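S.K.: Right, I'll just put the structure down here and ask away after.
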Amino acid sequence: TKVRARRSDEGWMLTEPLEFPADEFAFDGMASALANMTSVAVYDEPRELEVYGLDDEALEVRFGAGDAEYKLRTGDKAPVGGNAYVWIPGEEAVYMVSLVGTNGLRKAFDDLREKRLLRFDPDSVEAFTASWPGGRVDLVRGEEGWAMTAPVEGPADQQALDDVLSALSFLRAVGFQDKHRGDAAVGLVEPAYAVELKLAPKEEGGDPRSLSLEIGSVELDGVLHARTASPSLYWIDPARLDAFPTELDAYRHRQLADFEPGAAKRVELAFESEEAGQSYVVTATAGEEGWSSSPDPMAPERIQRLVDELSDLEAQRILAERVGPEELKGFGLSPANATFLVYDEADALLAKIRLGTIRGSEGIVAQTGENAQVFEISLELAEQLPVSLEAFQNRFIEAPEEDTEAETEANPAP
-3 TKVRARRSDE GWMLTEPLEF PADEFAFDGM ASALANMTSV AVYDEPRELE VYGLDDEALE
57 VRFGAGDAEY KLRTGDKAPV GGNAYVWIPG EEAVYMVSLV GTNGLRKAFD DLREKRLLRF
117 DPDSVEAFTA SWPGGRVDLV RGEEGWAMTA PVEGPADQQA LDDVLSALSF LRAVGFQDKH
177 RGDAAVGLVE PAYAVELKLA PKEEGGDPRS LSLEIGSVEL DGVLHARTAS PSLYWIDPAR
237 LDAFPTELDA YRHRQLADFE PGAAKRVELA FESEEAGQSY VVTATAGEEG WSSSPDPMAP
297 ERIQRLVDEL SDLEAQRILA ERVGPEELKG FGLSPANATF LVYDEADALL AKIRLGTIRG
357 SEGIVAQTGE NAQVFEISLE LAEQLPVSLE AFQNRFIEAP EEDTEAETEA NPAP
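Under this note's numbering, think of the first position of the sequence shown as -3, with each following residue one higher.
This is how it looks when you write it as structure tokens:
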């Protein structure tokens, strides 16, 4: 097979047997091997070329540097030492060189192809669009970070976007499909995931750049087919699809609280009490000897776990953007079943979390601060956050230690 590649300002590009981005590391490695190749022995009067594996069937490399062009034919491994034979067509002599240099020239065609589906710097992305069956999201990067522009407007989950862009930049092919089977056969009529990236110009005043990727929804022979601007398709591991969320909420900002746990010095826990007709409040305070609470005692480590969970509390989904009074009441948020107020040493409010009803096995309704959005947090958090007065009284109050000495005095031995 004849393989030809050319290097330009954009990098290496295969031109034969087909046009395709080339593996930069592979070709840079070959160029370096050729430039640094030196002989360890010279046969000025060699035998026939076939003896050295240098006949017409041998691997021949042609390369150019500036206006000069060169040829090199590589042959068999020498019987002694880690060396191999090479020959420069047109010359009489046969050379012996280190195998380190020649091995780098012997690569399968697919090993010379760029396996990265998209070549870009995540920091250069200015706009991001992702789509999947039944969903789509548009985001732009501004001075304050990523923001969602459609289908709703609002702040985006910065870490989620960073993770997706990182996954895209590291996405590698496990093979290639040069003869297309048709979009329907590989699931590209309605891709499982598609993305469009708008990149900043390489230099100020330069042309805008864009990249696109579609990942098919049909698994064939253990791989998914993906399409970029290249006429060939890429094969990718189906497990790589897990890195690309196909739920709108995964891209939205869902952080309910964000503070350093050590900054919290006071926590107020307020619970709706139907019997008292008002909120039942428990106050936890951080002192020199740790946390303590009143009027009901909580174990210090129990309070610390509560603070830890609240410090970076994130919802698993957004239930509603805004609701009316009756809906708010139905969510158990008017009044809230439980409210947590966290203050620092200067008595500044670090977080305000309100918990509502438990939605079956799905999660717990929640709100934060004065945000009108209604969120759902993981049901597992009920292990660390009391969701109601009943839950607090049953599981979060520290049982009093038994006064064994007093009990002994009150019940003397017969």
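Just so you know, even glycine gets a beta-carbon here, dropped at the ideal spot from N, CA and C. In this text the structure is predicted, and so the values were computed from the model without any measurement.
Quick one: grab the DSSP three-state call for Asp107.
M.R.: In the structure shown, Asp107 falls within a helical segment according to DSSP collapsed to helix, strand and coil.
S.K.: Just list the residues that DSSP pairs Glu65 with in beta bridges.
M.R.: Gly60
S.K.: Nearest CA to the CA of Glu76: which residue from Asp107, Ala37, Met26?
M.R.: Correcting the residue identity first, residue 76 is Val in this sequence and not Glu. Closest option to Val76, Cα to Cα, is Ala37.
S.K.: Would you call the CB atoms of Leu309 and Ala260 closer than 9 Å?
M.R.: no
S.K.: Give me the Cα-Cα distance between Arg137 and Ala143, rounded to the nearest whole angstrom.
M.R.: Rounded to the nearest whole angstrom, the CA to CA distance from Arg137 to Ala143 is 6 Å.
S.K.: What are the start and end residues of the alpha helix (DSSP H) that includes Thr98?
M.R.: 95 to 99
S.K.: Confirm, please, whether the CB-CB distance from Val90 to Leu45 is below 9 Å.
M.R.: yes
S.K.: According to DSSP, is Gly86 part of a helix, a strand, or is it coil?
M.R.: Note: Gly86 maps to coil in three-state DSSP.
S.K.: Do you know how far the Cα of Leu377 is from the Cα of Asp248?
M.R.: Per the sequence presented here, residue 248 reads as Arg, with Asp not at that position. About 21 Å.
S.K.: Taking one C-beta from the segment 382 to 393 and one from the segment 283 to 296 each time, how about it: are there three or more such pairs within less than 8 Å?
M.R.: yes
S.K.: Which same chain residues end up closer than 7 Å to Phe105 when comparing Cβ atoms and leaving out the 5 residues on each side of it in sequence?
M.R.: Thr(-3), Val(-1)
S.K.: Just the C-alpha distance for Gln380 and Arg298, rounded to the nearest angstrom, thanks.
M.R.: 8 Å
S.K.: On the three-state DSSP scale, how would you describe Phe392?
M.R.: coil
S.K.: Counting only runs of 3+ residues fully inside the segment 224 to 278, write out the beta strand (DSSP E) ranges in chain order.
M.R.: 229 to 232, 262 to 269
S.K.: So, for Leu10: in the same chain, excluding its five sequence neighbours on each side, which residues have a beta-carbon less than 6 Å away from its beta-carbon?
M.R.: The answer, listed in chain order, is Ala1, Phe16, Ala18.
S.K.: Taking 6 Å as the limit between beta carbons, can you name the residues of its chain near Asp304, skipping five residues before and five after?
M.R.: Pro257
S.K.: Would you decide whether Arg236 is buried or exposed? Buried here means 16 or more other CB atoms lie within 10 Å of its CB.
M.R.: Burial is judged here by how many other beta carbons sit within 10 angstroms of a residue's own beta carbon; Arg236 has at least 16 and is buried.
S.K.: Please state the DSSP three-state secondary structure of Gln300.
M.R.: When secondary structure is reduced to three states using DSSP, Gln300 falls in the helix class.
S.K.: Tell whether a beta-carbon distance below 9 Å holds between Leu265 and Ala280.
M.R.: yes
S.K.: Can you check which of these residues, Ala225, Ala196, Lys194, Ala169, is closest to Ile232 by C-alpha distance?
M.R.: With distances taken between Cα atoms, Ile232 lies closest to Ala169.
S.K.: Express the C-alpha separation of Ala188 and Phe116 in angstroms, rounding to a whole number.
M.R.: 22 Å
S.K.: Which residues in the same chain as Ser384 place their Cβ atom closer than 7 Å to its Cβ, once the five residues preceding and following it in sequence are excluded?
M.R.: The residues are Phe267, Asn333, Ala334.
S.K.: Are at least three pairs of beta-carbons, each pair with one atom in the segment 210 to 221 and one in the segment 169 to 186, less than 8 Å apart?
M.R.: When C-beta atoms of the segment 210 to 221 are compared with those of the segment 169 to 186, three or more pairs fall below 8 Å, so the two segments count as touching.
S.K.: Output needed for Arg58: all residues of its chain with C-beta closer than 6 Å, excluding positions within five of it in sequence on either side, in chain order.
M.R.: Lys67
S.K.: Excluding the five sequence neighbours on either side, which residues of its own chain have a C-beta within less than 8 Å of the C-beta of Ala156, listed in chain order?
M.R.: Pro241, Ala246, Tyr247
S.K.: When you compare the CB positions of Ile354 and Ser374, do they come within less than 9 Å of one another, or not?
M.R.: Not closer than 9 Å, so no.
S.K.: Does the Cβ of Thr70 have 16 or more other Cβ atoms within 10 Å, making it buried, or fewer, making it exposed?
M.R.: buried
S.K.: According to DSSP, is Met26 helix, strand or coil?
M.R.: The answer is helix: DSSP assigns Met26 an H, G or I state.
S.K.: Could you tell me whether the Cβ atoms of Val263 and Leu337 are closer together than 9 Å?
M.R.: yes
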